[in-house]
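Down below is the structure, laid out as structure tokens.
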Amino acid sequence: MDVAASVIAVIDISAKIFELCQTYFSEVKEARKDIQRLRDGVTSLQDVMTDVRDLAEDSNLSGRSVFSRLNQHDGPVQQCERDLRRLLVQLEPGEGEGKMRRFGLRAFKWPFSSKDVDKRLQIINEHKATFTLALTSDNLALTRSIKDDIARLGDGLADVQIEQRTLAMGEKQQKIRHWLSSPDPSSNHNAACKSRQPTTGEWFLKSSEFEEWKMTSRSFLWLYGIPGCGKSVLCSTVLEKVKSQYKSNPTVAIAYFYFDFNDTEKQRHDKFTHSLIEQLAWQSTKALAYLESLFSRYQDGKQQPTQDALEVALQQMLNEFGETFIILDALDECKEREELLSLLQNLTSWGAGNLHVLATSRRERDIEETLESLTTSEICLQSALVDNDIRTHLSERLQNDPKLKRWPANVRGEIKDTLMEGAQGMFRWVVCQLDMLRKCLKVDALRKALKSLPNTLDETYARMLLSIDEDYSQDAFRILQWLVYSARPLRIEEMVEVIAIDTEESRFNPENRLPDPRDLLTICSSLVTTISVTTEGNDGASNETTELRLAHFSVKEYLISDRIRTGTAFQYDIQSRGEEEIAQSCVTYLLHFQSGVLTLRNLDTFPLALYAAEYWCRHFRAMKDSDQATKLGMQLFQGDAFINWIRLWDLDEPWRGSDISGDATNFAPPLYYASHQGLFKLVSLLLEKGADVNAQGGYYGNALQAASAEGHEAIVALLLEKGADVNAQDGYHDSALEAALVEGHETIAALLLEKGADVNTQGGYGSALQAALVMGHEAIVAL
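Take 184 as the starting number for the sequence shown in my numbering and just add one per residue.
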């Protein structure tokens with residue numbers, strides 16, 4: 184039998200299994216979750232096999248070696264067919280189809296436990312990974328074949344056909360990238376490279392420690408130093424050197440990550456893991472197959488992988504390379520420090536002799552204690568080591584900066600000598616002093632400034648704040664406040680909108696926008712900077728944006744420290760009302776659309792709309808009680824502003840993006856969204872004003888189920904107190920009790936039971952008791 188016929192046999196068996204699962208799903212309610220998992224797994228395999236069949240039936244491609252290997256005796260196709268036939272027999276109840284027709288499926292039980300389904304899905308996913316690998320590894324040859332076959336048809340037609348086939352091959356990878364949503368570290372790397380001179384870090388590249396790190400198996404090199412000593416720039420130097428040295432070696436993989444205080448996504452250990460996995464996957468077809476298998480195991484991206492599953496995939500990928508270099512910057516800027524250090528311990532414990540890790544950070548106790556047992560070498564970036572790099576940077580700035588190079592050589596020499604004496608190994612300190620010296624117009628003023636330089640970064644930042652023009656001090660305050668507390672990095676055009684919002688008057692005035700967005704840099708001087716970021720849209724197209732960021736981690740530390748409150752720049756203490764100010768600004772901005780001014784045509788003219796819609800609830804939850812913010816929140820839940828908010832960011836379907844023309848009749852009532860987001864004060868006020876506590880609508884079905892699923896215990900208690908039906912059935916989880924159990928909120932489940940929730944209510948897992956058993960909540964079962 185040729186390969187196409189063999190594959191068709193597998194597809195036919197898959198179709199029969201799918202039909203059986205469909206019948207079970209409609210008739211056996213207590214096992215629907217497991218039935219759906221198995222059904223989706225078989226469907227996913229069937230999709231891959233259909234791709235194999237299509238290629239195998241192409242007479243120009245079917246003779247290639249990949250197909251003969253698949254169809255050899257007891258090869259992948261035969262093994263897959265055998266396993267599927269066994270599964271088919273297990274699914275056919277009793278004496279087969281005849282008995283099913285006579286008595287109906289209600290007379291038979293679903294034959295598998297959840298663990299049985301897990302085992303069968305593992306087998307299915309292993310087969311799927313094999314065939315996916317075959318398709319992926321053959322893509323290069325396929326592309327060449329396409330080019331050869333259609334070259335004679337003319338360049339125009341050839342380009343179209345190549346593009347169509349390439350798009351088809353990349354569609355799944357695009358879905359996987361969207362599923363991982365890993366942050367892109369290249370923006371940090373590019374920014375660090377811009378600050379680097381050709382000879383920066385040369386001392387390190389010539390060191391024995393660097394050579395030993397590259398050549399020694401299972402090596403771990405830790406570079407640590409004080410704030411502002413140039414760790415990130417040195418990290419970029421190392422990465423460029425490694426890439427240059429090994430770029431022509433296909434057995435070597437290189438991955439990197441910059442933890443970043445400016446970006447919450449780059450402060451999470453799981454997102455770091457996502458990034459490593461994605462980088463490794465695109466460097467090897469075998470590594471990519473592991474990622475595609477992981478994607479399939481989690482319902483083709485419908486579910487998120489556990490950290491354990493990610494680490495298993497990462498370990499498998501590392502074993503596919505002859506050598507792997509992982510370069511990490513600023514471990515101390517990761518908010519999930521304990522989890523990150525545990526992951527690094529796991530990385531080194533896997534025993535991969537081909538792994539080389541280099542990490543930079545400050546010398547902080549928890550990092551030092553963990554890395555002590557992991558590192559093979561460590562270097563303190565003290566003044567003597569980085570002085571040459573600082574001197575090189577100074578020379579370059581004095582020679583090329585338009586406002587510094589105008590001074591005579593002897594004056595430039597004074598600047599260089601004075602700054603080298605005060606640097607004490609701090610790149611950041613030198614950069615700040617140069618930026619301040621650029622403002623001097625006369626040599627007397629310059630020499631006076633050199634004689635009164637601040638000794639520390641704190642003193643430097645205080646002087647910068649106090650030198651801000653009084654007319655723009657409030658704007659500077661708001662800019663810095665948003666940069667510290669925003670939920671994600673802000674584009675420069677978004678920040679222009681921020682300073683056009685008057686929170687005291689609760690009004691957004693477009694006339695107060697800065698005509699030139701780059702004036703934001705003028706207002707805040709060296710405290711902020713811009714960075715170019717390339718993002719990928721849903722259509723796969725690349726978009727170039729400019730983000731405004733705090734210039735250095737030490738700036739943020741100073742702004743939220745106790746030191747600023749007791750120092751000369753105390754008026755820039757942004758911490759006390761940071762979250763409240765941003766929450767009010769977001770809601771004020773959304774209220775600008777109360778009259779329905781937001782349309783698909785003018786959405787681009789309101790750059791802050793998407794941020795405000797997505798994150799106002801987050802800032803509202805984080806702030807302290809505020810009557811003004813609460814009043815604004817209640818206004819938002821009325822009229823066109825509420826409708827436009829959901830159109831911009833539907834909490835139930837955030838992956839769909841904005842739908843400005845969305846039908847408002849499909850939206851849930853305000854109480855549902857307030858309960859969903861955990862906005863206790865607003866829920867209470869909505870109920871006082873007569874909101875129907877049992878109103879239906881939304882993904883979860885009603886307010887009680889939304890609060891139960893999202894883990895908002897106080898709101899669950901309030902809704903029950905106000906008469907919410909504890910046994911109402913609707914929505915994704917069917918009941919509030921199942922929602923709490925499935926999402927792991929045991930205290931809420933206990934509260935619902937106390938208030939009369941029926942444990943026998945049927946849902947997707949059968950009864951609530953079965954849901955508790957499936958999810959492993961033994962404490963609830965005992966209740």
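Glycine included, C-beta positions come from ideal geometry on N, C-alpha and C.
The alpha carbon of residue 363 has as its nearest neighbour, out of 271, 432, 484, 371, the alpha carbon of 484.
The three-state secondary structure of residue 679, taken from DSSP, is helix. Rounded to the nearest whole angstrom, the CA to CA distance from residue 889 to residue 370 is 37 Å. Ranked by Cα distance from residue 469, the first of 501, 301, 224 is 501.
Following the DSSP letters along the chain, one finds residue 799 inside the alpha helix (DSSP H) bounded by residues 792 to 805. The segment 861 to 874 and the segment 838 to 846 do not touch, with fewer than 3 CB-CB distances between them shorter than 8 Å. For a cut-off of 8 Å, the C-beta gap from residue 440 to residue 467 is around 19 Å, too long to register as a contact. When beta bridges are read from the DSSP output, residue 512 appears opposite 441. DSSP, reduced to helix, strand and coil, places residue 726 within a strand of the structure shown.
Within the model, the alpha-carbon separation for residue 230 versus residue 316 is close to 14 Å.
With fewer than 16 other Cβ atoms inside 10 Å of its own Cβ, residue 840 counts as exposed. Here residue 919 has 887, 888, 891, 935 as same chain residues with Cβ atoms under 6 Å from its own Cβ, once five neighbours each way along the sequence are excluded.
Exposed is the label assigned to residue 780, since fewer than 16 other Cβ atoms lie within 10 Å of its Cβ.
Going by C-alpha positions, residue 624 is about 27 Å away from residue 660. In chain order, 752 place their CB closer than 6 Å to the CB of residue 649, counting only its own chain and leaving out the 5 sequence neighbours on each side. Residue 398 sits exposed, since fewer than 16 C-beta atoms from the chains shown fall within 10 Å of its C-beta. A direct Cα-Cα distance of roughly 42 Å separates residue 692 from residue 419. With respect to the 9 Å criterion, residue 550 and residue 524 are classified as neighbours on the basis of their beta carbons. In the three-state reduction of the DSSP assignment, residue 560 falls in the strand class, which pools E and B. Distance from residue 531 to residue 403 at the Cβ level is roughly 6 Å; contact confirmed, criterion being Cβ atoms closer than 8 Å.
Taking all protein chains in view, the Cβ of residue 432 is surrounded by fewer than 16 other Cβ atoms within 10 Å, so the residue is classified as exposed. Setting aside the 5 residues that flank it on each side, residue 735 is surrounded in the same chain by 611, each with a C-beta closer than 6 Å to its C-beta; the list follows chain order.
Rounded to the nearest angstrom, the gap between the Cα atoms of residue 572 and residue 375 is 14 Å.
Beta-carbon to beta-carbon, residue 382 and residue 416 are separated by about 12 Å, too far to satisfy the 8 Å threshold.
If one requires a minimum length of 3 residues, the beta strand (DSSP E) runs lying completely within the segment 519 to 545 are 538 to 544, in chain order. Between the alpha carbons of residue 836 and residue 882 lies a gap of roughly 8 Å. Annotation: residue 566 to residue 609 spans about 8 Å, alpha carbon to alpha carbon. Residue pairing for residue 732: DSSP places it in a beta bridge opposite 712.
CA-to-CA, the gap between residue 705 and residue 533 works out to about 50 Å. By DSSP's assignment, residue 473 forms no beta bridge with any residue.
By the 16-neighbour rule on beta-carbons within 10 angstroms, residue 294 is exposed.
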